[in-house]
Amino acid sequence: VIAISMMAIIVLSCNNDEGEIAEAYSKTAGPMEVSEQLHLYVSRSASLQYEFSAPLLHVYYEPRSYRDTPKGFRLVSFTKEGGAETEITAHYGIYDEKKSQMEAKNNVVIKKLQTGELIETEHLVWDMNNHKIYSDTKIKQTKPDGSVYIGDSFESDEDMSYYLIRKPQLLIYE
(Lines of atoms letter the chains of each structure in order from A and count residues from 1; the text may use other names and numbers.)
(Lines give C-alpha, C1' and ligand atoms only; values in the text may rest on other atoms or scores of the structure.)
Protein backbone atom coordinates (compact mmCIF):
# COMPACT_ATOMS: atom_id res chain seq x y z
CA VAL A 1 0.00 0.00 0.00
CA ILE A 2 2.85 2.39 0.86
CA ALA A 3 4.63 1.63 -2.43
CA ILE A 4 1.43 2.17 -4.45
CA SER A 5 0.75 5.45 -2.61
CA MET A 6 4.31 6.67 -3.31
CA MET A 7 3.98 5.78 -7.02
CA ALA A 8 0.66 7.64 -7.24
CA ILE A 9 2.22 10.74 -5.63
CA ILE A 10 5.19 10.64 -8.02
CA VAL A 11 3.04 10.16 -11.15
CA LEU A 12 0.52 12.84 -10.18
CA SER A 13 3.21 15.35 -9.17
CA CYS A 14 4.93 15.09 -12.62
CA ASN A 15 2.17 16.90 -14.49
CA ASN A 16 3.23 20.01 -16.46
CA ASP A 17 0.66 22.68 -17.24
CA GLU A 18 1.33 24.35 -20.64
CA GLY A 19 0.46 27.75 -19.14
CA GLU A 20 3.05 27.28 -16.39
CA ILE A 21 5.70 26.30 -18.95
CA ALA A 22 4.95 29.34 -21.15
CA GLU A 23 5.08 31.59 -18.08
CA ALA A 24 8.43 30.13 -17.03
CA TYR A 25 9.85 30.77 -20.56
CA SER A 26 8.59 34.35 -20.59
CA LYS A 27 10.35 35.11 -17.29
CA THR A 28 13.70 33.87 -18.60
CA ALA A 29 15.91 36.74 -19.76
CA GLY A 30 18.61 34.65 -21.42
CA PRO A 31 18.67 31.86 -23.94
CA MET A 32 16.97 28.57 -23.15
CA GLU A 33 19.77 26.57 -24.81
CA VAL A 34 23.46 27.33 -25.31
CA SER A 35 25.86 25.38 -27.52
CA GLU A 36 29.60 25.96 -27.71
CA GLN A 37 31.87 24.94 -30.59
CA LEU A 38 28.86 23.78 -32.61
CA HIS A 39 29.52 21.90 -35.84
CA LEU A 40 26.67 20.32 -37.77
CA TYR A 41 25.86 18.90 -41.19
CA VAL A 42 22.54 19.23 -43.00
CA SER A 43 21.62 16.64 -45.63
CA ARG A 44 18.59 15.82 -47.74
CA SER A 45 18.06 12.43 -49.36
CA ALA A 46 21.51 11.31 -48.19
CA SER A 47 23.13 14.26 -49.99
CA LEU A 48 25.17 16.79 -47.99
CA GLN A 49 23.69 20.27 -48.44
CA TYR A 50 25.26 22.47 -45.75
CA GLU A 51 27.97 22.46 -43.12
CA PHE A 52 27.41 24.94 -40.28
CA SER A 53 29.79 25.88 -37.48
CA ALA A 54 29.71 28.52 -34.77
CA PRO A 55 31.74 29.09 -31.60
CA LEU A 56 28.53 29.94 -29.72
CA LEU A 57 24.82 29.37 -30.44
CA HIS A 58 21.92 30.68 -28.35
CA VAL A 59 18.37 29.33 -28.70
CA TYR A 60 15.37 31.40 -27.57
CA TYR A 61 11.74 30.22 -27.45
CA GLU A 62 9.63 33.04 -26.06
CA PRO A 63 8.31 35.56 -26.94
CA ARG A 64 9.58 34.56 -30.42
CA SER A 65 11.55 31.53 -31.45
CA TYR A 66 15.00 32.28 -32.85
CA ARG A 67 18.65 31.26 -32.74
CA ASP A 68 21.64 33.58 -32.79
CA THR A 69 25.39 33.27 -33.10
CA PRO A 70 26.83 36.26 -31.21
CA LYS A 71 30.43 35.22 -31.95
CA GLY A 72 29.89 34.59 -35.66
CA PHE A 73 29.42 31.58 -37.88
CA ARG A 74 30.58 29.78 -41.01
CA LEU A 75 28.15 28.17 -43.48
CA VAL A 76 29.33 26.07 -46.45
CA SER A 77 26.93 24.89 -49.17
CA PHE A 78 27.63 21.86 -51.34
CA THR A 79 26.85 20.91 -54.95
CA LYS A 80 24.73 17.87 -55.80
CA GLU A 81 27.99 16.07 -56.54
CA GLY A 82 29.25 16.79 -53.00
CA GLY A 83 31.84 19.49 -53.70
CA ALA A 84 32.03 22.62 -51.54
CA GLU A 85 30.41 25.44 -53.49
CA THR A 86 29.88 28.59 -51.41
CA GLU A 87 31.11 29.73 -48.00
CA ILE A 88 29.42 32.47 -45.98
CA THR A 89 31.04 33.88 -42.85
CA ALA A 90 29.94 36.71 -40.56
CA HIS A 91 30.61 38.05 -37.09
CA TYR A 92 26.93 37.71 -36.10
CA GLY A 93 24.01 35.62 -37.31
CA ILE A 94 20.36 35.19 -36.40
CA TYR A 95 17.79 32.66 -37.64
CA ASP A 96 14.06 33.41 -37.22
CA GLU A 97 12.18 30.10 -37.28
CA LYS A 98 8.75 31.60 -37.92
CA LYS A 99 9.96 33.57 -40.96
CA SER A 100 12.41 30.85 -42.13
CA GLN A 101 14.94 33.63 -42.53
CA MET A 102 18.61 33.90 -41.64
CA GLU A 103 20.43 37.20 -41.30
CA ALA A 104 24.18 37.68 -41.26
CA LYS A 105 25.68 40.93 -39.96
CA ASN A 106 29.06 42.55 -39.48
CA ASN A 107 31.83 41.68 -41.92
CA VAL A 108 29.78 39.29 -44.07
CA VAL A 109 31.89 37.49 -46.68
CA ILE A 110 30.50 35.23 -49.41
CA LYS A 111 33.14 33.18 -51.21
CA LYS A 112 32.41 31.12 -54.31
CA LEU A 113 34.87 28.34 -53.63
CA GLN A 114 35.14 27.03 -57.18
CA THR A 115 35.97 30.42 -58.73
CA GLY A 116 37.49 32.39 -55.84
CA GLU A 117 35.02 35.24 -56.31
CA LEU A 118 34.26 37.27 -53.14
CA ILE A 119 31.26 39.38 -52.14
CA GLU A 120 31.54 41.48 -48.99
CA THR A 121 28.81 43.42 -47.18
CA GLU A 122 27.65 44.36 -43.68
CA HIS A 123 24.18 42.77 -43.81
CA LEU A 124 22.83 39.78 -45.70
CA VAL A 125 19.42 38.08 -45.59
CA TRP A 126 18.66 34.52 -46.69
CA ASP A 127 14.91 34.17 -47.24
CA MET A 128 14.38 30.40 -47.31
CA ASN A 129 10.68 30.62 -48.21
CA ASN A 130 11.41 32.62 -51.39
CA HIS A 131 14.80 30.95 -52.04
CA LYS A 132 16.62 34.29 -52.24
CA ILE A 133 19.71 35.85 -50.73
CA TYR A 134 19.91 39.64 -50.66
CA SER A 135 21.55 42.68 -49.11
CA ASP A 136 20.24 46.24 -49.01
CA THR A 137 23.60 47.61 -47.89
CA LYS A 138 26.73 48.46 -49.89
CA ILE A 139 28.51 45.46 -51.35
CA LYS A 140 31.96 44.85 -52.78
CA GLN A 141 32.55 42.12 -55.34
CA THR A 142 36.09 40.95 -56.14
CA LYS A 143 36.38 38.77 -59.24
CA PRO A 144 39.10 36.13 -59.74
CA ASP A 145 40.89 38.42 -62.25
CA GLY A 146 41.27 41.07 -59.53
CA SER A 147 38.59 43.46 -60.81
CA VAL A 148 36.52 45.04 -58.07
CA TYR A 149 32.91 46.21 -58.29
CA ILE A 150 30.96 48.05 -55.66
CA GLY A 151 27.21 48.42 -55.57
CA ASP A 152 24.30 49.70 -53.51
CA SER A 153 22.64 46.33 -52.99
CA PHE A 154 22.68 42.69 -54.03
CA GLU A 155 20.19 39.91 -54.81
CA SER A 156 20.78 36.25 -55.67
CA ASP A 157 19.22 32.83 -55.86
CA GLU A 158 20.13 30.39 -53.06
CA ASP A 159 22.97 28.69 -54.88
CA MET A 160 24.54 31.98 -56.00
CA SER A 161 24.44 30.92 -59.68
CA TYR A 162 22.56 34.09 -60.66
CA TYR A 163 22.86 37.42 -58.91
CA LEU A 164 22.25 41.09 -59.47
CA ILE A 165 24.30 44.01 -58.15
CA ARG A 166 22.38 47.27 -58.18
CA LYS A 167 24.22 50.42 -59.30
CA PRO A 168 27.55 48.66 -59.91
CA GLN A 169 30.75 50.65 -60.25
CA LEU A 170 34.07 49.24 -61.42
CA LEU A 171 37.10 50.20 -59.36
CA ILE A 172 40.44 50.18 -61.15
CA TYR A 173 43.58 49.94 -59.05
CA GLU A 174 46.91 50.96 -60.57
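Counting from 54, one number per residue, gives the positions in the sequence shown under this note's numbering.
For glycine and all other residues, C-beta sits at the position ideal for the given N, C-alpha and C.
None of the values given here were measured: they were computed from a predicted structure.
- [ ] Within its chain, find whatever has a CB closer than 6 Å to the CB of T142; leave out the 5 residues flanking it on each side and keep chain order.
- [x] R127 and V162
Open item on the list: What would DSSP say about L223, mapped onto helix, strand or coil?
Closed with: If DSSP states are grouped into helix, strand and coil, L223 belongs with the strands.
TODO: Taking K165 as part of the beta strand (DSSP E), name the residues at either end of that continuous run.
DONE: Q154 to K165
Open item on the list: Less than 9 Å between the C-beta atoms of Q222 and D180, yes or no?
Closed with: Their beta carbons are not under 9 Å apart, which means Q222 does not touch D180 by this criterion.
Open item on the list: My assumption, with CB atoms under 8 Å, is that D210 sits in contact with K185. Please give the rounded CB distance.
Closed with: Contact between D210 and K185 holds, with the beta-carbon distance rounding to 7 Å and staying under 8 Å.
Open item on the list: The beta strand (DSSP E) that contains T132, what's its start and end?
Closed with: From DSSP, T132 is part of no beta strand (DSSP E); its letter is neither H nor E.
TODO: Look at the Cβ atom of H286, then the Cβ atom of K164, and state whether they are nearer than 9 Å.
DONE: The structure shown has nothing for residue 286, since the chain only spans 54 to 227.
Open item on the list: For the ligand SAH, is there any heavy atom lying closer than 8 Å to the beta carbon of G136?
Closed with: With respect to small molecules bound, the structure shown includes none, and the ligand SAH cannot be examined in it.
Task: CA nearest to the CA of V87, picked from V129, G204 and A107 - done: A107
- [ ] Give the DSSP-derived three-state secondary structure of T190 in the structure shown.
- [x] coil
Open item on the list: Here's a check: name, in chain order, each residue in its chain whose Cβ is nearer than 6 Å to the Cβ of E104, leaving out the five neighbours to either side.
Closed with: Closer than 6 Å at the Cβ level, and outside the excluded window around E104, lie Y94 and V129.
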